[in-house]
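Undergrad:
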Amino acid sequence: MNQFEKIQQLTGNLPPFFPTEKVQLENAFNRVLQEDVIADLNMPPFNKSAMDGYACRLEDIGNELEVLEVINAGKIASLKIGKNQCVKIMTGAAVPPECDCVFMVEDAEELHGNKVRCTNLNTMKNICYLGEDYKEGDVLLKKGALINVPQMAVLAGAGYTEVLVSKRPKATVIATGSELVSPSETPKPGQIRNSNSSQVITQLRKMNLEVVDELMLVDEYELLTKSFNKALESSDFIVFTGGASVGDFDFIPEILKEQGFKLYWDHTGIKPGNPMTFSEKEGKFVFGLSGNPVSSFVQFELIAKPVICKLLGSNYTPLRVKARMNFTYQRKKANRLAIIPVVIDSAGAISEIPFHGSAHINALAFANALLEVPLGVSTIQNNEFAYVRPL
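Mapping the sequence shown onto the UniProt record's numbering, position 329 (from 1) lands on 329, and the numbers just tick up by one.
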């Protein structure tokens with residue numbers, strides 16, 4: 001088992017941690033569902049017409065039919081349908097119980113005396129039957145589902161005006177590095193703008209975490225320790241960028257060890273993004289991500305995101321798909337899982353984009369997927385299939 005597989009196993013064994021709360025349906029979007037959603041009725045709740053047309057008995061489909069009335073959606077037929085009779089019916093309206101066929105308006109020939117004839121005797125029944133979509137008592141959504149747009153509609157359709165979800169965790173993002181300046185500043189020689197904070201904050205907010213503070217700190221042990229302790233008072237998650245490796249000024253591992261945090265891992269086995277820590281103490285969770293922006297992006301997407309989802313009780317599974325290579329990928333060393341920004345083109349093939357390494361942040365802006373190059377694999381040939389993770 002390689003290091004990344006060990007991390008996946010450790011992540012899978014993490015128990016849900018965060019408590020639950022009831023929220024109004026309109027506030028449930030992008031939250032993690034913490035109850036099974038059960039259907040309180042059949043859907044459809046009646047046999048309904050799948051289109052605008054005429055409802056009749058199938059045995060009469062080839063005959064002249066007398067139109068008794070028009071049935072709109074929300075209305076029930078007031079007359080009983082007999083031999084060679086029909087009703088004009090709108091999409092979504094309840095089909096009269098005597099009828100077992102609906103033919104489309106486009107297949108109807110209007111005749112004299114309020115009569116019609118079906119001109120297409122191969123017409124389908126065009127009826128959505130009671131309970132066809134689901135039955136009363138069926139599980140519509142399972143506990144752990146992320147409530148996205150379709151899930152909002154399902155909840156509303158099932159009559160849920162309040163929803164049990166995981167509470168939103170709070171997070172602090174701390175970018176470390178004496179070389180960092182804010183995005184509004186022009187860097188001097190030896191300095192770079194802090195892009196990591198904006199990236200990580202957006203990734204956290206995309207997961208619906210509440211980012212309560214953002215700090216940019218120089219590599220000073222006492223300052224980092226003081227700021228870390230303050231962040232612990234307000235946040236469930238603290239995410240460091242930079243300072244997590246083994247350099248002379250990488251103080252994060254030392255601070256965590258000194259304060260008694262349990263270290264789950266200190267490297268990932270991924271290129272880019274090998275140095276990374278994840279620690280926990282008394283319900284406070286700390287990620288130490290790389291200071292290189294591509295590395296920190298990859299670490300968050302492949303590792304931090306699944307960890308956060310697991311702690312929230314989410315059944316999140318990252319999407320990995322196989323696609324055909326549209327270029328040949330080669331590397332000299334194959335001692336780690338490599339993650340490469342790529343583009344899935346309109347034909348579904350994996351296309352190459354310029355990528356110069358862990359600091360090449362704008363490569364991600366042109367990518368729509370991450371190519372996985374497994375440990376031990378140095379070459380993936382053109383037209384071979386490989387796994388990618390859509391972004």
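Just so it is clear, CB atoms sit at the ideal spot from N, CA and C, and this is done for glycine as well.
A quick note: this is a predicted structure, and the numbers were derived from the prediction, not measured.
Answer yes or no: do A93 and A73 have a C-beta to C-beta separation smaller than 9 Å?
TA: Yes, the pair counts as a contact, with Cβ atoms nearer than the cut-off.
Undergrad: Taking 6 Å as the limit between beta carbons, can you name the residues of its chain near V307, skipping five residues before and five after?
TA: Correct list, in chain order: T11.
Undergrad: What does the alpha-carbon distance come out to for the pair R336 and F385?
TA: Rounded to whole angstroms, R336 to F385 spans 19 Å at the Cα level.
Undergrad: Closest by CA to F287, which one among E233, M43, L204, G357?
TA: Considering only alpha carbons, the answer is L204.
Undergrad: Could you tell me how far apart the beta carbons of residue 392 and I147 are, in whole angstroms, since I believe they sit closer than 8 Å?
TA: In the structure displayed, the chain extends from 1 to 391; residue 392 sits before or after that span and is not available.
Undergrad: For H356, list the residues DSSP reports as bridge partners.
TA: None; H356 has no bridge partner.
Undergrad: Which partner residues does I344 have in the DSSP bridge list?
TA: Looking at the DSSP assignment, I344 forms a beta bridge with I350.
Undergrad: Who are the near neighbours of I353 in its chain, counting only those whose CB is closer than 7 Å to its CB and skipping five residues on each side?
TA: These residues qualify, in order along the chain: P341, V342, V343, A363, F366, A367.
Undergrad: If we count Cβ pairs, one from each stretch, closer than 8 Å, do we get three or more for the stretch 9-26 versus the stretch 117-128?
TA: With the cut-off at 8 Å, the stretch 9-26 and the stretch 117-128 do not touch.
Undergrad: Let me know the alpha helix (DSSP H) ranges lying completely inside the stretch 172-234, each 4 residues or longer, listed in chain order.
TA: 196-206, 221-234, all fully within the stretch 172-234.
Undergrad: Compare the C-alpha of P19 against each of G190, H112, D236, T91 and name the closest.
TA: Here the closest residue by C-alpha is D236.
Undergrad: With DSSP collapsed to three states, give me the class of Q85.
TA: Three-state result, Q85: strand.
Undergrad: Specify, as a first and last residue, the run of the beta strand (DSSP E) that F385 falls within.
TA: From DSSP, the beta strand (DSSP E) with F385 extends over 385-390.
Undergrad: DSSP three-state label for C309, please.
TA: Helix.
Undergrad: Going by other Cβ atoms of all chains shown within 10 Å of its Cβ, with 16 needed for buried, is A153 buried or exposed?
TA: Exposed, since its Cβ has fewer than 16 Cβ neighbours within 10 Å.
Undergrad: Of the residues G260, K262, P272, S195, which one's Cα is nearest the Cα of S184?
TA: Among G260, K262, P272, S195, the Cα nearest to that of S184 belongs to S195.
Undergrad: To the nearest angstrom, how far is the alpha carbon of L224 from that of E179?
TA: Distance between the alpha carbons of L224 and E179 is about 15 Å.
Undergrad: With DSSP collapsed to three states, give me the class of L256.
TA: Helix at L256.
Undergrad: Please classify V199 as buried or exposed, where buried requires at least 16 neighbouring CB atoms within 10 angstroms.
TA: The sequence given here has Gln at residue 199, not Val. Classification for Q199: buried.
Undergrad: Would you check if the distance between the CB atom of I38 and the CB atom of A158 is smaller than 9 Å?
TA: Yes, Cβ-Cβ distance for I38 and A158 is below 9 Å.
Undergrad: Decide if N59 is buried, meaning its Cβ has at least 16 other Cβ atoms within 10 Å, or exposed.
TA: A small fix is needed here, since residue 59 is Glu in this sequence, not Asn. By the 10 Å Cβ count, E59 comes out exposed.
Undergrad: Classify A367 as helix, strand or coil using the three-state DSSP reduction.
TA: In this structure, A367 counts as coil in the three-state DSSP scheme.
Undergrad: Quick one: any contact between the stretch 205-215 and the stretch 272-291, if contact means 3 or more CB pairs under 8 Å?
TA: No contact exists between the stretch 205-215 and the stretch 272-291.
Undergrad: Give a yes or no on whether the C-beta atoms belonging to P97 and N42 are separated by under 9 Å.
TA: Going by C-beta atoms, P97 is not nearer than 9 Å to N42.
Undergrad: Going by alpha carbons, who is nearest to H356 out of E110, K83, L232, N292?
TA: The option with the nearest alpha carbon to H356 is N292.
Undergrad: Looking at the unbroken alpha helix (DSSP H) that takes in V32, where does it start and where does it end?
TA: From DSSP, V32 is part of no alpha helix (DSSP H); its letter is neither H nor E.
Undergrad: In the DSSP assignment, find the beta strand (DSSP E) that holds S166 and state where it starts and stops.
TA: From DSSP, the beta strand (DSSP E) with S166 extends over 162-166.
Undergrad: Ignoring anything shorter than 4 residues, give me the alpha helix (DSSP H) runs that lie fully in the stretch 101-172, in order along the chain.
TA: For the stretch 101-172, whole alpha helix (DSSP H) runs of length 4 or above, ordered along the chain, are 149-157.
Undergrad: Which residues bound the alpha helix (DSSP H) around V298?
TA: Its alpha helix (DSSP H) spans residues 293-299.
Undergrad: What whole-angstrom Cβ distance do L130 and P44 have, given they're in contact under 8 Å?
TA: Yes, L130 and P44 are in contact; Cβ-Cβ is about 6 Å, under 8 Å.
Undergrad: Report the rounded CA-to-CA distance for G137 versus V218, giving the unit in angstroms.
TA: Each residue's alpha carbon lies about 58 Å from the other.
Undergrad: What is the residue span of the beta strand (DSSP E) that G12 lies within?
TA: Here G12 belongs to no beta strand (DSSP E); instead the alpha helix (DSSP H) covers 3-12.
Undergrad: Suppose contacts are defined by Cβ-Cβ distances below 9 Å. Is S279 in contact with L263 by that definition?
TA: For S279 and L263, yes; Cβs fall inside 9 Å.
Undergrad: Relative to the C-alpha of K170, which candidate in S234, G260, T161 has its C-alpha closest?
TA: Ranking the options by Cα distance to K170, first place goes to S234.
Undergrad: Do the CB positions of N229 and R324 come within less than 9 Å of each other?
TA: Their beta carbons are not under 9 Å apart, which means N229 does not touch R324 by this criterion.
Undergrad: For A231, is the classification buried or exposed, using 16 other Cβ atoms within 10 angstroms of its Cβ as the cut-off for buried?
TA: Looking at its Cβ environment, which holds 16 or more other Cβ atoms inside 10 Å, A231 is buried.
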